[in-house]
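Enquirer: The structure's right below; bear with me while I get my questions together.
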Amino acid sequence: MGVKYVGGGRNLGKTFVIGVGNYLFGDEGVGVHVVKKLMELKLPEDVEVIDGGTGGVALLEFFEKADRVIVVDAALGGGEPGDVYVINPSQLEREEVRVLASLHEMNLYTLMEVAEELNILPEVIVVGVEPKEYNKMSTSLSREVEAALPKVIEKILELIY
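Heads up: take any position in the sequence shown, counting from 1, add 545, and you land on the working numbering.
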C-alpha cells in the first residue's frame with residue numbers, strides 16, 4: 546500500500562475490527578473480504594480482526610469486550626460503487642446511510658441500542674463501502690468495490706493508529 550504506520554503513543558484499549566455481510570451475495574460481503582485481508586497484516590496486540598459474517602446478537606460479545614469496535618460493511622450512501630464512508634453512529638439513527646448487513650434481522654443501530662441498555666456499548670465506528678451489486682448471488686466483488694479495498698484498508702489502519 547505504500548503507507549507506513551508507527552504506533553507510538555497509542556493507548557486506545559481493546560479494538561475489534563468486525564467485517565460483516567453475506568459473502569455469498571457479491572458486494573454485500575465486502576466487510577468479510579476486507580477483514581480477510583486485514584488478517585494478513587501485523588497489527589497491534591490490542592487489535593483483533595473478526596469475520597462477523599451475518600452477525601446478529603452474537604456480536605454483543607465483542608461489544609462487551611471492546612473499548613472500540615470498527616464495523617466494516619456495505620453501505621448505501623447514494624454515492625458511486627466503491628465509495629468509502631466513515632460513518633458516525635448518529636447517521637445510522639437518522640438513516641442517512643443504510644448499512645446493509647441485517648445482522649440476522651437486527652440492524653446495527655438496534656444492536657447498539659441493546660448494547661447501550663446492557664451498559665456494554667463501546668465507541669463504534671462504521672467503515673462502509675458503496676456496493677454496486679448486493680443482491681446477486683456471487684462470491685466475487687464487483688470491479689469497483691474490489692478496486693476500493695486498498696482505500697478501505699488504509700482508512701481502517703488510520704483509525705487503528
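Virtual Cβ for every residue (Gly too), placed ideally from N, Cα, C.
What's the C-alpha gap between residue 623 and residue 675?
Expert: For the purposes of this step, residue 623 is taken as residue 78 along the sequence shown, with counting starting at 1. For the purposes of this step, residue 675 is taken as residue 130 along the sequence shown, with counting starting at 1. Going from the Cα of residue 623 to the Cα of residue 675 covers about 8 Å.
Enquirer: I'd like the span of the beta strand (DSSP E) that includes residue 595, first residue to last.
Expert: As a working note, residue 595 is residue 50 in the sequence shown. From DSSP, the beta strand (DSSP E) with residue 595 extends over 592 to 598.
Enquirer: Measure the Cβ-Cβ separation of residue 665 and residue 583 and say whether it is below 9 Å.
Expert: The count along the sequence shown starts at 1 and reaches residue 665 at position 120. The count along the sequence shown starts at 1 and reaches residue 583 at position 38. Contact flag unset, no.
Enquirer: Excluding sequence positions up to five away, which residues of its chain have a Cβ less than 7 Å from the Cβ of residue 659?
Expert: As a working mapping, residue 659 is identified with position 114 in the sequence shown. Closer than 7 Å at Cβ, skipping near neighbours: 605.
Enquirer: Quick one: what does DSSP say residue 675 is sitting in, helix, strand or coil?
Expert: Taking the first residue of the sequence shown as 1, we reach residue 675 at position 130. Reduced to three states, the DSSP call for residue 675 is coil.
Enquirer: Could you check whether residue 562 and residue 694 sit closer than 9 Å to each other, using their CB atoms as the reference points?
Expert: Translated into positions along the sequence shown, residue 694 becomes position 149. Translated into positions along the sequence shown, residue 562 becomes position 17. Result no, Cβ atoms of residue 694 and residue 562 do not sit closer than 9 Å.
Enquirer: Exposed or buried, what is residue 684 when buried is set at 16 or more other beta-carbons lying within 10 Å of its beta-carbon?
Expert: Along the sequence shown, one-based indexing puts residue 684 at 139. That one is exposed.
Enquirer: Which of the three DSSP states, helix, strand or coil, is assigned to residue 648?
Expert: Within the sequence shown, residue 648 is the residue found at index 103, counting from 1. Because the pLDDT of residue 648 is 48, which lies under 50, any placement of that residue in the model is unreliable, and the question is left without a value.
Enquirer: Kindly indicate which three-state DSSP category residue 565 falls into: helix, strand or coil?
Expert: Residue numbering aside, residue 565 sits at position 20 when the sequence shown is read from its first letter. Strand at residue 565.
Enquirer: Quick one, which of 630, 601, 669, 627 has its alpha-carbon nearest residue 652's?
Expert: Counting from 1 along the sequence shown, the entry for residue 652 is found at position 107. Selected option, being the one with the closest Cα: 601.
Enquirer: Taking 9 Å as the threshold (C-beta atoms), are residue 573 and residue 654 in contact?
Expert: Here residue 654 refers to the residue found at position 109 of the sequence shown. Here residue 573 refers to the residue found at position 28 of the sequence shown. Result no, Cβ atoms of residue 654 and residue 573 do not sit closer than 9 Å.
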